[in-house]
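This report concerns only the one structure given below.
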Amino acid sequence: MKRWHAIGIATALAVVGASTGVVSAETDKSIESIEQYREALRDGNPAELFEAQGEELWKTPAGPKNVSLEGCDLGLGAGVVQGAYAHLPRFFKDTGKVQDVESRVLTCMSTLQGIDVKPLIDAKFNTPEKDRLEAIATYVSGQSKGVKVEVSLVHPEERKAFELGKRMFYYQGGPHDFSCSTCHGQEGVRIRLQELPNIPTHKGAAAGWTSWPAYRVSAGQMWGMQWRLADCFRQQRFPEPIYGSDVTVALSMYMAATANGATMDTPGIKR
Amino acid sequence: MSTTVKSLSAVALLLVLGTASAGAGEGPWGPGADDASFKAMLKSGFRSKGIATLARLDQDETQAFCSDPDNVSGKTGEKKRAEIEAANLATVKWPSDGVWLGDYKEGEKVAQSGRGLTSTDKADMVNGGNCYNCHQLSPKEISYGTIGPSLYQYGKLRGDTDEVKRTTWAKIWNSKASNACSNMPRAGHMGIVTEKQIKDLMALLLDPASPVNQ
């Protein structure tokens, strides 16, 4: 019952979203009406569907070992999901790496469930394989809604990931000479009508970091930070970042740590 | 007990780091610092997709210089900045037939289009100039970005002397010729747009009949 309700809203949003592509005075209106929907959706973000699906995937035994992900250690101890996202990325002793939610879930799928995760990493976005990962990330993020971001920079590897992420943020390349900073390095600028957070500031990093995974109204899709970054790299005219790779985790570390103290508001809803 | 102490000191350290990270330039992170780790991260982090190959991660001198925010802000690199501008100026190809201005209607189309050169684009498609992504131009287009200054009435305010034509052409061909770390792409130099498209953009900016100059 509740699901059908949410699907109805999703359809309505998709219609509004479609009109944001129109280059005219309509665009402003559409952005306004999305704001209204956002208000109206406080208790009915279509992302809830993905959260529910993610929870099911988390709790259902799967893979060659036929176990669930409930034993997965997201950093607060095996099985603790509540609040975990707000402390990610972080260093994990067992892998010797700093990991974000997506790369950590892949580790658990591999070690706990015995799943070969290479095909999942390589799969395109907007395929059932990737959608399942997005759903799990959405579920985990939802369990940190309202929790303060508190990412540690104590371990040398955590500090290193932050520094490398920061350096990547300013790294220019490609035919357009773009870096993240070209689009996200100033206060109050926009591309066309889309406002761009100034990520090196606490406020800008918080706006970006605490609202993803988000349901993208215009696309009718649920995007985690990995997908968000992949699409920004595409606009940057860069090659494709590998899902869960160190470079994506480092950028997330840079954003999350800069956002420390802000409150998670996930799953979000976006244009 | 000890975890509480540990996490408390973590928070304290975070507060310190949090303030420090507000400014650019401090900390062992910039170009030259642990290059091996950075290169390894780049190498393992990307794969070629379509026309967006791994070669795009290799920087030219301008990109390397401008990847340091202290150079961008002018805190460091003053001498190098002048060298980089000179090198970029030397790349500018002036109109081969001496004609500066094309058709402003075509120029409007080039300015509107932001297409081309992404991992999902094809090599043989016509690229756009992305201009409206960053600039206001024709007042009829209200969906414009603000990374660059407004170019509304560009020609009307400056006139159409040879000097204006030359600087405008150079700006579009290679924006770094006059501003080493401009956020504007080097549209001609990097092959984003063709000479013909630049002429049309010139007309959009400088033709008195162009909507930009109304």
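One line per chain: the protein sequences are A and B, in this order.
Taking our numbering, the leading residue of the first sequence gets 4, the next gets one more, and so forth.
Taking our numbering, the leading residue of the second sequence gets 220, the next gets one more, and so forth.
Yeah, the Cβ is synthetic: ideal placement off N, Cα and C, and Gly gets one too.
The C-beta of ILE366 of chain B comes closer than 8 Å to at least one C-beta of chain A.
Think of a sphere of 8 Å around the beta carbon of MET409 of chain B: the chain A residues whose beta carbon falls inside it are PRO178, HIS179, ASP180, in chain order. Going by DSSP, ILE245 of chain A is part of no beta strand (DSSP E) at all; its letter is neither H nor E. In this structure, B:LYS415 is the residue among B:GLU360, B:ASP254, B:GLU280, B:LYS415 with its C-alpha nearest to the C-alpha of GLY317 of chain B. Here MET225 of chain A really is in contact with PHE53 of chain A; their C-beta atoms are around 4 Å apart, less than 8 Å. Distance check between GLY249 of chain B and each of B:GLU304, B:SER286, B:THR281 places B:SER286 closest, using alpha-carbon atoms only. Counting only the Cα atoms, PRO216 of chain A lies some 19 Å from ALA126 of chain A. Here MET344 of chain B is exposed: its Cβ has fewer than 16 other Cβ atoms, across all protein chains shown, within 10 Å.
Here GLU198 of chain A is bridged, per DSSP, to A:ARG193. Between ASP103 of chain A and chain B, the shortest Cβ-Cβ separation is not below 8 Å. The three-state reading of DSSP puts ASP76 of chain A in strand, counting E and B together. Distance between PRO404 of chain B and ARG170 of chain A, taken at the CA atoms: about 20 Å. At a cut-off of 8 Å, the C-beta of GLN224 of chain A has no neighbouring C-beta in chain B. When Cβ-Cβ separations below 8 Å define contact, TYR371 of chain B makes no contact with chain A. Inclusion of LEU320 of chain B and ALA389 of chain B in the CB contact set at 8 Å is not warranted, their separation being larger than that value. If you look at GLN224 of chain A, you'll find it in the beta strand (DSSP E) that goes 224 to 226.
When 8 Å is used as the limit between beta carbons, PRO67 of chain A is near no residue of chain B, the shortest such separation being about 27 Å. At least 8 Å separates the beta-carbon of SER263 of chain B from that of GLU243 of chain A. In this chain, LYS395 of chain B is not harboured by any beta strand (DSSP E), its DSSP state being neither H nor E. Secondary structure note for GLY271 of chain A: its beta strand (DSSP E) is the uninterrupted segment 271 to 273. The residue from B:VAL431, B:ASP254, B:SER397 with its alpha-carbon nearest to that of LEU376 of chain B is B:VAL431. Taking 8 Å as the cut-off, the beta carbon of GLU161 of chain A is found no closer than this to the beta carbon of PHE95 of chain A.
With a threshold of 8 Å between beta carbons, ALA271 of chain B makes contact with chain A. A Cβ-Cβ distance of about 6 Å is found for the pair GLY82 of chain A and GLY74 of chain A, placing them in contact under the 8 Å criterion. Around the beta carbon of ASP119 of chain A, fewer than 16 other beta carbons lie within 10 angstroms, which makes this residue exposed.
According to the DSSP assignment, LYS324 of chain B belongs to the alpha helix (DSSP H) that extends over 323 to 331. When Cβ-Cβ separations below 8 Å define contact, LYS268 of chain B makes contact with chain A. Contact of THR337 of chain B with chain A by beta-carbon distance below 8 Å involves ARG237, GLN238, ARG240. Short of 7 Å from the beta carbon of TYR173 of chain A, and not among the five residues preceding or following it, lie these beta carbons of its own chain, in chain order: SER182, SER184. Taking 8 Å as the CB threshold, PRO49 of chain A stays off the interface with chain B. A residue is called buried when at least 16 other Cβ atoms come within 10 angstroms of its Cβ; GLY374 of chain B meets this threshold and is buried. Assignment of ARG334 of chain B by DSSP, reduced to helix, strand and coil, places it in the coil class. In this structure, SER106 of chain A lies away from GLY211 of chain A, with their beta-carbon atoms at least 8 Å apart.
Counting only residues of its own chain and dropping the five nearest sequence neighbours on each side, CYS353 of chain B has a CB closer than 6 Å to the CB of GLY364, ILE366, GLY367. About 16 Å separates the beta carbons of SER155 of chain A and MET267 of chain A, which is beyond the 8 Å limit, so they are not a contact pair. Annotation for GLN282 of chain B: the continuous alpha helix (DSSP H) segment containing it runs 280 to 285.
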